[in-house]
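Residue numbers (this note's numbering): -15 to 201. These notes are about the structure you will find just below.
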Amino acid sequence: ELPTVVVDDVTAALGRLARHVVDRLPEVVVLAMTGSQGKTGTKDYLAHLLSEAGPTVATRGNFNNELGVPLTVLRATPETRYLVVEMGARGVGHIAALCAIAPPRVAAVLNVGTAHIGEFGSREAIAQAKGEIVEALPADRTAVLNADDDLVVAMAGRTAAQVVTFGGPTDGPAPDLAVSEVTTDELGRQSFEMVHRGSGATVHLAQVGAYQWRNAA
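Put into structure tokens, the structure is as follows:
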């Protein structure tokens, strides 16, 4: 006796509803990220920074699958300026499907590790799946790639978008955003120098962990 929407596939319908919302909010900048490790922490860093520039909606916890992504999108309103979406994958084609729900304007690949290697079979197969996020970008969008991960930086050849790289000290070409002089204090908090397009800054992190500089970059 209540209003009811009846569909053949609830998951597919949720995704279509979320895409409808994205299409109705053309001013929203969708920023998506994937990777084997660090997605949730990096997503939180990004949402914290963007919230200083405008109303921001971001993935709660690690709601990064075919249910979590549309639920994140459906929290956006006409006032939302930035939509930060974490995307996970358990197989080839999953990221592409999530990008169809929330087409990113900026997409980042953090790394290719061994998480879910039981489902994928190899790091190369994981890279194939993760790279779907940059394949979804048209030429006027931006792909952000980890220059320190060979499988990630190779994804530059899989996208039509502008590529921006980040990374630490290297013997090869410097990444677009270069990190150096990483130090760790007695509490495990990191500080580092960051340079992008000739402008530099010293960054001090309040979180602990030897990997945090890369998430922050």
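All C-beta atoms in this analysis are idealised placements derived from N, C-alpha and C, irrespective of residue type, glycine included. No experiment lies behind these values; they were computed from the predicted model shown.
If the five residues before and after E108 are omitted, its C-beta is found closer than 8 angstroms to the C-beta atoms of L135, all from its own chain and listed in chain order. G38 counts as exposed, since fewer than 16 other C-beta atoms from the protein chains shown sit within 10 angstroms of its C-beta. If you compare the alpha carbons of R59, L33 and E36 with that of T43, the shortest gap goes to R59. Cβ-Cβ distances below 6 angstroms link S175 to T167 and H188 in the same chain, with the five nearest sequence neighbours on each side left out; the list follows chain order.
In this structure, the alpha-carbon of L9 lies about 14 angstroms from that of L15. According to DSSP, residue pairing for T56 in a beta bridge does not occur. Within the segment 70 to 97, the complete beta strand (DSSP E) runs of at least 3 residues fall at 90 to 93. The DSSP-derived three-state label of V(-11) is coil.
Between A120 and A91, the gap from beta carbon to beta carbon is short of 8 angstroms.
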